[in-house]
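*Asks:* Residue numbering for the sequence shown is 310 to 719, as defined by this note's numbering.
We put the CB at the ideal spot given by N, CA and C, even for glycine.
Below you will find the structure I want to go over with you.
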Amino acid sequence: MGADHSSKIVGTVWGLLILNTLGSAGAQTIVPLPRSLIQMVTMGALVAAFTLALAVNLELRIRPSAYVSLLTLLLVTSVISSANLGSGFGALFRCARLALFVGTLWLLSRWWDGGPAFVRHHIRMYLAVLGSVAAGLVVSPGAALPDLYGGRLVGDLWPLTPPQIGQYAAVITGLTVLLVLGRRTDRTSAAVVIVPSVVLLALTHTRTATLGLLLGLALAIGSLILTSAAARRFFAWAVLCAAVAAVAFSSALQAWFLRGQSQENFSNLTGRAKVWDALLAAPRTTWQQLFGMGMGDKSFGGLPIDNSWLAVYHEQGLIGIALVAAIIIVLGGVALLRPPSLPRACAIFLISYCAIASYTETGLGDASPYLLHLALAASLLAAPVAVTPLSTPEVPLRRISRWTRKSEVS
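Take a look at the structure:
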């Protein structure tokens, strides 16, 4: 199979993984989509991704990966915690989904070489998702900015919540900015990605995604300052523009940030703190503290947990928290040990973004966009594959007699 053909299949597999993690819960769509249909599409995408990855890697060639190894241990923990069916048969279904997800990442690890190929797959697929959001906004602005979500942007063609849209927009914006600084793309192509993504991010009023974008980019660009003049110029202009905006538009920025909420509601994180306190106060056995209650829908008492660490503690226990923490620490440690480069900066941005978002979003313990972002970071931190040069076969020397040499001269 040709290299170009394999690359196209790998890109398709990555896109199918993203489609699987879009989820099935969100806003009301213009054309009502049954939840069963959405789940069939997303699960079908995962099965197709695993099948294609297996077809393109029949030799089962994989690269050692600490990230996927830790995910495999997290899968084992999830199966152990879900085996008693404390969370119902749905827990085993979620374990099977995570198993296919991790298996597909193992098969794709063969192509993890520190190059920008997967970054481009990531940006293109999420740009297509955001394109559907923008199309829904044009077709039906009322449905895309519903009162149910306080006028925040949602997906009305495919059910997507404001935090999801904000996350996708922030991630591809940050990656595209870094590609421009690394001269891996031109400014026109970058503007096609950045401008609409920033507009959609602003319409979602998603504070977590905005802070993740700003802080993640600051850390990523900071890692390039000593070796890149373009990074130094961009950082200086960004600081200047931020200072001017903070002075000139302070009231508007504060209103956008508060989203019309009271200071009390903002201080308890829109009610999240009450759910967190109740979850931590709930009685648990020693087994449940270690392994959790089993894979669930990331909720407690019928309310969303909205914190990756508490969701992992609830479903996979303290062992799950230790494994997720190890994932962040290992990826972050490897990134810090790498010499300054564009792949390292992109990885730092992704790791930082996921760590920041984990405080108010779930996803680090199950197949999710956040695990895909971290998988992309792992692919960027992988050492390039050493190409072994083709050896020239040694030709044995033939002994020529003195009489033959005299004959050739004459």
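1. What ranges does the alpha helix (DSSP H) occupy inside the stretch 580-634, keeping only unbroken runs of at least 4 residues that lie completely in it?
2. Per DSSP, what kind of secondary structure is G464 in: helix, strand or coil?
3. Between P468 and A336, which are expected to be in contact by the criterion C-beta below 8 Å, what is the C-beta distance as a whole number of angstroms?
4. By alpha-carbon positions, which one of S374, L382, A687 ends up nearest to I630?
5. Any contact of the stretch 530-540 with the stretch 668-679, i.e. 3+ C-beta pairs under 8 Å?
6. If I measure Cβ to Cβ from L651 and keep anything under 7 Å in the same chain, skipping five residues before and after, which residues do I get?
7. Closer than 8 Å is the cut-off here; do at least three beta carbon pairs connect the stretch 400-419 with the stretch 361-374?
8. Of the choices R541, R542, L325, whose alpha-carbon is the least far from that of V438?
9. When DSSP builds the beta bridges, which residues end up paired with N469?
10. Considering only their Cβ atoms, is the gap separating G445 from A453 smaller than 8 Å?
11. When the Cα atoms are used, what is the spatial distance from L380 to V556?
12. I need the straight-line Cα distance from A692 to E368, nearest angstrom please.
13. In the structure shown, what three-state DSSP assignment does H682 receive?
14. Identify whether H514 lies in helix, strand or coil by the three-state DSSP scheme.
15. Count the CB pairs spanning the stretch 588-599 and the stretch 618-628 that are closer than 8 Å, and state whether there are at least three.
16. Out of G397, G320, A582, T360, which one is the CA nearest neighbour of G603?
17. What are the start and end residues of the alpha helix (DSSP H) that includes I432?
18. Roughly how many whole angstroms lie between the Cα atoms of L523 and M352?
*Replies:* In short, the structure shows the following:
1. With a minimum length of 4 residues, the continuous alpha helix (DSSP H) runs that stay inside the stretch 580-634 are 581-590, 595-600.
2. For the purposes of this step, residue 464 is taken as residue 155 along the sequence shown, with counting starting at 1. Residue state for G464 is assigned as strand, using DSSP reduced to three classes.
3. As a position in the sequence shown, residue 468 is number 159, starting the count at 1. As a position in the sequence shown, residue 336 is number 27, starting the count at 1. About 6 Å separates the two Cβ atoms, so the contact holds.
4. As a position in the sequence shown, residue 630 is number 321, starting the count at 1. Taking only the C-alpha atoms, the option nearest I630 is L382.
5. Here the stretch 530-540 makes no contact with the stretch 668-679; the two share fewer than three CB pairs at distances below 8 Å.
6. Here residue 651 refers to the residue found at position 342 of the sequence shown. Cβ within range, chain order: L487, G491, R493.
7. Verdict: yes, contact present.
8. Stepping through the sequence shown from its first residue, residue 438 is reached at position 129. Nearest of R541, R542, L325 to V438, Cα basis: L325.
9. Here residue 469 refers to the residue found at position 160 of the sequence shown. At residue 469 the sequence reads Leu, which differs from the Asn that was named. BP columns for L469 point to G464.
10. Taking the first residue of the sequence shown as position 1, residue 453 is located at position 144. Taking the first residue of the sequence shown as position 1, residue 445 is located at position 136. Less than 8 Å divides the Cβ of A453 from the Cβ of G445.
11. In the sequence shown, the residue the question calls residue 380 occupies position 71. In the sequence shown, the residue the question calls residue 556 occupies position 247. Taking the CA atoms as reference points, L380 sits about 45 Å from V556.
12. Your numbering for residue 692 matches position 383 in the sequence shown. Your numbering for residue 368 matches position 59 in the sequence shown. Approximately 21 Å, taken between the alpha carbons.
13. Looking up residue 682 in the sequence shown gives position 373. In the structure shown, H682 sits in a helix (DSSP, three-state: H, G or I).
14. Position 205 of the sequence shown, counted from the start, is the residue given in the question as residue 514. Looking at H514 - three-state DSSP - the assignment turns out to be coil, as it is neither helix nor strand.
15. Segments in contact, yes.
16. Taking the sequence shown and counting its residues from 1, one reaches residue 603 at position 294. If we check each option's Cα against that of G603, G397 comes out closest.
17. As a first step, residue 432 is located in the sequence shown; it is residue number 123 there, counting from the start. Judged by DSSP secondary structure, I432 falls within the alpha helix (DSSP H) whose first and last residues are 426-448.
18. Indexing the sequence shown from 1 puts residue 523 at position 214. Indexing the sequence shown from 1 puts residue 352 at position 43. C-alpha separation (whole angstroms): 33 Å.
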